Structure formats: C-alpha cells, structure tokens
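Residue numbers (UniProt numbering): 1 to 137.
Yeah, the Cβ is synthetic: ideal placement off N, Cα and C, and Gly gets one too.
All values derive from a computational prediction rather than experimental measurement.
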Amino acid sequence: MKNSRCAHHREALSASEASRRKFLQLAVLGSGVSLLAVMTEMPAARAEGQARTLLLSCMDYRLMDEVERYMLRRGLYHSYDHIVLAGASLGAITDKYPEWSRTFWDHLDLSVKLHGIHRAYSEIQRPLLRSQVKIPL
C-alpha cells in the first residue's frame, strides 16, 4: 500500500495508519447508512395498525410464551400494547412502590391517546391462583 497523506498536516501516513483510518471511515459511513435506514422505516411502522388492547403482565420470563398464546387465542396477536410490572396488577397497586401505579396509569392513558385502545387485560399471578382480569375502560 502506498503512503497516504494526512489532509490536516500534510505528513505521510504509514500503511497501517492509513488502513485504520480507511476502516474507521467505512465503519462510520456504514453506521450512518444503517441509522438512516432504520429512521426512515420507523415512521411507517409506527403509523401502521392500531392496538385494540393494553395488557399488563408479570415480568416472569417463564410466562411470556403463555401470555402470547393467551393473546393469540383472543385474536389480539400483534395488536396490543404491553406493560410489564413485577406482580402484574398487584405491582400496579402496591403501596410498597407507589411510582409503579403512576407508571401504569400514565402508560394506560398514553396507550388510549396514541393507539386508541378500548380495553385492558391484567394477568394476576399468585401461588395457587392464576387468572386474567378484564379492566373496563
């Protein structure tokens, strides 16, 4: 590889310095193009469809597949907003973490405004008790 010159200092760069510089230029260019592609796709993705339901579920990772199947059986697959709190609705009303309740109600309000949801489901999980509760809006 021939020696390149630094545009700012007019001094010769070694082959390894020129190679690193070229790599960084290509990496930055590639990152910029990737970011541009993501940003141009996002508005279209946000504008498509409308969520019909808000789901509040427990954060337990073992339940995620079951939660997805539950929503699928109700015809809500890919058409619901999802809030995750430890203990689901119990987490939303606990006195121990009052900010969780505010977070839930703020998210519910935003979901109604942005996505026009008209119903909400909450999953209740306790030892020996497992049910879903419909929250009227």
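Answer with buried or exposed for residue i, where buried requires no fewer than 16 other C-beta atoms within 10 angstroms of its C-beta.
i	result
residue 80	buried
residue 19	exposed
residue 56	buried
residue 45	Low per-residue confidence applies at residue 45: pLDDT is 47, beneath 50, and the placement is therefore not dependable enough to give any value.
residue 66	exposed
residue 47	Caution applies to residue 47, whose pLDDT of 43 falls short of 50 and renders its modelled position unreliable; the value that the coordinates give is listed next. Exposed.
residue 87	buried
residue 91	buried
Starting from the Cα of residue i, find the closest Cα among the options and give me that residue.
i	options	result
residue 85	21, 119 and 63	63
residue 59	104, 103, 102 and 83	83
residue 102	74, 89 and 114	89
Please say whether residue j and residue i have beta carbons closer to each other than 9 Å?
i	j	result
residue 68	residue 77	yes
residue 53	residue 107	no
Using a threshold of 8 Å, is the CB atom of residue i nearer than that to any non-hydrogen atom of the ligand NAP?
i	result
residue 112	By its list of ligands, the structure shown contains no ligand whatsoever, and the ligand NAP lies outside what it can speak to.
Would you please state the rounded distance, in angstroms, between the beta carbons of residue i and residue j? I believe it to be under 8 Å.
i	j	result
residue 25	residue 116	Actually they are not in contact, since the Cβ atoms of residue 25 and residue 116 sit about 46 Å apart, beyond 8 Å.
Got a sec? Which residues, its chain only, sit under 7 Å from residue i by beta carbon, not counting five neighbours each side?
i	result
residue 100	85, 91, 92 and 94
Give every residue of the same chain whose Cβ lies closer than 6 Å to the Cβ of residue i, excluding the five residues on either side of it in the sequence, and list them in chain order.
i	result
residue 111	54, 81 and 117
By Cβ distance below 8 Å, which residues in the same chain neighbour residue i in space, the five residues on each side in sequence not counted?
i	result
residue 72	none
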